[in-house]
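Below: one structure, written as structure tokens.
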Amino acid sequence: MLALLQKGLHLFVSSATHPALVLAECTMSEIPGLPNSLNLSPHLSAHKYLLVCSLTVLAWDTLVLSPRTWRLMRTSEWPALKILFHFLRVFVPIEFAVVAVAFFDTNWSQATCEKSYLFEPIATAVLLAATSAIHVIRIHAIYDRNRAVLFGMGALYVAQIVVTAVACGFYRSVPLLSGQGCIAGPKANWVGIYWVAPTALYTASAILALMRSVSSLSAKPLSPWKLMLRDGLNLYGAIWAVNMVNVLFWFIIKPTDNADTIKTIVTSMAAILTTSMSLRIVLGIRGTLVHGGSFALTGSSAPSNSSRATHVISTRSGVPTNQTPHTYTLDDIRSSKPEAAWGDVDSKNASSGDDKGQLPIDERTGSPTNIGVKITVDREVGYDSYGRAK
1 MLALLQKGLH
11 LFVSSATHPA
21 LVLAECTMSE
31 IPGLPNSLNL
41 SPHLSAHKYL
51 LVCSLTVLAW
61 DTLVLSPRTW
71 RLMRTSEWPA
81 LKILFHFLRV
91 FVPIEFAVVA
101 VAFFDTNWSQ
111 ATCEKSYLFE
121 PIATAVLLAA
131 TSAIHVIRIH
141 AIYDRNRAVL
151 FGMGALYVAQ
161 IVVTAVACGF
171 YRSVPLLSGQ
181 GCIAGPKANW
191 VGIYWVAPTA
201 LYTASAILAL
211 MRSVSSLSAK
221 PLSPWKLMLR
231 DGLNLYGAIW
241 AVNMVNVLFW
251 FIIKPTDNAD
261 TIKTIVTSMA
271 AILTTSMSLR
281 IVLGIRGTLV
291 HGGSFALTGS
301 SAPSNSSRAT
311 HVISTRSGVP
321 TNQTPHTYTL
331 DDIRSSKPEA
341 AWGDVDSKNA
351 SSGDDKGQLP
361 IDERTGSPTN
371 IGVKITVDRE
381 VGYDSYGRAK
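UniProt numbering applies: residue 1 is where the sequence shown begins, and numbers increase by one.
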């Protein structure tokens, strides 16, 4: 205790004359008397703070998506995207619960860490394989199951599986002091290809999704903001950005010593955000998830995203007539034609005054023609009128 008081008094006196020297001393030297779990280097302390932030994001995301997860669970179909969705919803919290215990438990010895440090890279490789499978299936679907797209994305996916599996064998237990946690780190700088492979796939996924969205503007013009929200381009962009930042940390940031964990500081956040955004890509699919769903404009050729209805007046089957069917839109009916005039299918049969709304007379039989009304409703729901996923 006396040593701690002396150290504090020294820092207080020195702060008035040499603040830069005090900052360097606080960040580069250890304070004697503190337990190892609190006496952390700046990079290790930042690593722990960022992991806490990552776990907070994961916990919040798990709670927020719970209602939509339940609604998706109740659907009858079980396509690949639905299975991957629910697998990640269970697997990711379990993985990071174990990682957090190993990182923050002061009783987790280094001897135990030497036996368990491979859990994180192996589990994260499984996580990345599942999220990448979502991207392969979805990109293949929005390109109308184009074989060239499937082969290209499939090749990147196979390369990712192989690279991450091989790279797991070149991790090590970071030599921290007892009580400072258990962290897996790379044995060499090239082990960063573990994250390069999935980042390449997510880059291709983001580019292909953007190209597909831009090509749809010819059929349905939209502002960039609405286009981004309709097709989830922000989700693809967020996945690419966090993985690219992680790769930059692996290959650009230089550790201070063998026990510095700066290279792996962003890995947890990258894995959690990649999972979170990929799950939202699944939830953003409209309609069925079978075969990866469909693109927003598939099967629609109308340039407007508003609902519309067409009313066709024609004869009933089996009754001959000389009347020509007419087509009206809701706007035409509401603005220019009252409901009573729907029977006026031919100008020569239309009457005025007291005869409005009466059925036309068949000239051959002298009796009213048997006119039927066929109503065809064609609705195209745009992203802005689309509610939550059912």
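C-beta: ideal position from N, C-alpha, C; glycine also. Computed from a predicted model, the values in this text were never measured in an experiment.
{"query": "Entirely enclosed beta strand (DSSP E) segments - the segment 46–116, minimum 3 residues", "result": "none"}
{"query": "Exposure of residue 433, with buried meaning 16 or more beta-carbon neighbours within 10 Å", "result": "What the structure shows of the chain is the stretch from 1 to 390, and residue 433 is not part of that stretch, so it cannot be assessed."}
{"query": "Which of helix, strand or coil DSSP assigns to Gly-293", "result": "coil"}
{"query": "C-alpha gap between Leu-210 and Leu-150, whole angstroms", "result": "17 Å"}
{"query": "Straight-line gap, Leu-120 to Ala-271 (C-alpha atoms, nearest Å)", "result": "Looking at the sequence itself, residue 120 is Glu, so the reference to Leu does not match. C-alpha separation (whole angstroms): 11 Å."}
{"query": "N-terminal and C-terminal residue of the alpha helix (DSSP H) that Ser-132 is part of", "result": "119–142"}
{"query": "Cross-strand partners of Ser-173 (DSSP beta bridge)", "result": "Ala-184"}
{"query": "Whether Phe-85 touches Val-245 by CB criterion (7 Å)", "result": "no"}
{"query": "Contact check, Phe-249 vs Val-266, beta carbons under 7 Å", "result": "yes"}
{"query": "Ile-183 vs Thr-75 beta-carbon contact at 7 Å", "result": "no"}
{"query": "Proximity winner among Cys-113, Thr-131 and Ala-141, relative to Ser-178 (alpha-carbon distances)", "result": "Cys-113"}
{"query": "Classification of Met-269 by the beta-carbon crowding that lies within 10 angstroms, buried from 16 upward", "result": "buried"}
{"query": "First and last residue of the uninterrupted alpha helix (DSSP H) at Ile-161", "result": "147–168"}
{"query": "Proximity to Asn-107 [Cα-Cα], best of Leu-233, Lys-82 and Ser-37", "result": "Ser-37"}
{"query": "contact_flag[the segment 77–97, the segment 159–177] where n(CB pairs < 8 Å) is 3 or more", "result": "no"}
{"query": "Any 3 or more C-beta pairs closer than 8 Å across the segment 95–104 and the segment 132–140", "result": "no"}
{"query": "Neighbourhood of Pro-82 by C-beta, 6 Å cutoff - its chain only, sequence neighbours within 5 removed", "result": "The question names Pro, but residue 82 in the sequence shown is Lys. Taken in chain order, the residues that qualify are Leu-289."}
{"query": "Rounded C-alpha distance that separates Ala-296 from Gly-169", "result": "42 Å"}
{"query": "Per-residue burial, Arg-212 [other beta carbons within 10 Å of its own, 16 or more giving buried]", "result": "buried"}
{"query": "Residues near Arg-147 in its chain [Cβ-Cβ closer than 7 Å; skip 5 each side]", "result": "none"}
{"query": "Simplified DSSP state of Ile-265, which is helix, strand or coil", "result": "coil"}
{"query": "Whether Leu-128 touches Pro-198 by CB criterion (7 Å)", "result": "yes"}
{"query": "Backbone secondary structure at Pro-42 - three-state DSSP", "result": "helix"}
{"query": "As assigned by DSSP and simplified to three states, the class of Leu-217", "result": "helix"}
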